[in-house]
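Here's the structure we're looking at; comments come further down.
Numbering (my numbering), first residue to last: 4 to 220.
Have a look at this one:
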């Protein structure tokens, strides 16, 4: 179930149960006209739904654990690291921060060359998470340090996971800058549910992943 649908279902279910109980109580008392009772029930239902949904969103924003449990297999937030092999054949290390809400995902990435010098940054747009087929795709706006003009591109990744009911722990796929038209292979793993891991620590994880996979990637 998609997170937005889950949120609506929980809010609707709880508010309906409360309103039904209040409505039944008012009918049992029998001192209020049924039409007035129905109108009161509708007003209370709308207010309760908004209150419950707002409270759930507040809890999700404040607790990574609650966000993880609520989003389930859609949960991708945190720090991801990895590498890709550039068009020149040289390794590039990746650090990406996945910032996620119930209805959105923003990916902010950086790449570094083999000497760990800053190489480029990018921000995602039009992110699509396909849990059924285990796919992640998005457009991105790229800012390379050695080029005057920015460019755009597209990524396609397969989610590495135990099943479609489990959250992803890795990504394998490719990206392609529109102006180059060349598919670039990439591999990533998640190293933290938080987005604030220091770059030097994240790069250590990225280098380790490359060393473990460079012979068969």
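Glycine included, every Cβ here is placed at the ideal spot set by N, Cα and C.
Just so it is clear, the structure is predicted and the values come from calculations on it, not from any experiment.
Please tell me whether residue 80 and residue 103 are closer than 7 Å, where the distance is taken between their beta carbons. yes
In whole angstroms, what separates the C-alpha of residue 82 from that of residue 98? 7 Å
Is the CB-CB distance between residue 52 and residue 18 below 7 Å? yes
Would the segment 84 to 91 count as touching the segment 187 to 196 if we require 3 or more Cβ pairs under 8 Å? yes
What's the C-alpha gap between residue 177 and residue 143? 13 Å
Less than 6 Å between C-beta atoms, sequence neighbours within five positions excluded: which residues of the same chain meet that for residue 106? 7
Does DSSP put residue 207 in a helix, a strand or coil? helix
So residue 72 is in the alpha helix (DSSP H); what residue range does that whole segment cover? 67 to 74
Can you find the residues in the same chain that come closer than 7 Å, C-beta to C-beta, to residue 163, ignoring five residues on each side of it along the sequence? 171, 172, 173, 174 and 175
Please find out if some non-hydrogen atom of the ligand NAD comes closer than 6 Å to the beta-carbon of residue 55. Absence of the ligand NAD from the depicted structure is noted, as is the absence of any ligand whatsoever, leaving it without description.
Whole angstroms are fine: how far does the CA of residue 129 sit from the CA of residue 112? 15 Å
Note down the Cα distance separating residue 115 from residue 20, rounded to an integer number of angstroms. 54 Å
Please go through the same chain and pick out, in chain order, the residues whose beta-carbon is closer than 6 Å to the beta-carbon of residue 147, but skip the five residues on each side of it. 123
Report yes if the C-beta distance between residue 76 and residue 141 is below 7 Å; otherwise report no. no
With distances taken from CA atoms, which of 4, 96, 24 and 57 is nearest residue 14? 57
Tell me whether residue 87 sits in a helix, a strand or coil according to DSSP, three-state version. strand
Using DSSP bridges, identify the partner residues of residue 179. 157
Leaving out the 5 sequence neighbours to the left and right, which residues in its chain are closer than 7 Å to residue 183 when beta-carbon positions are compared? 90
Should residue 156 and residue 180 be called a contact, given that it needs their Cβ atoms to be closer than 7 Å? yes
Rounded to the nearest angstrom, what separates residue 93 and residue 67 at their Cα positions? 36 Å
Buried or exposed by the 16-neighbour rule on C-beta atoms within 10 Å, applied to residue 70: buried
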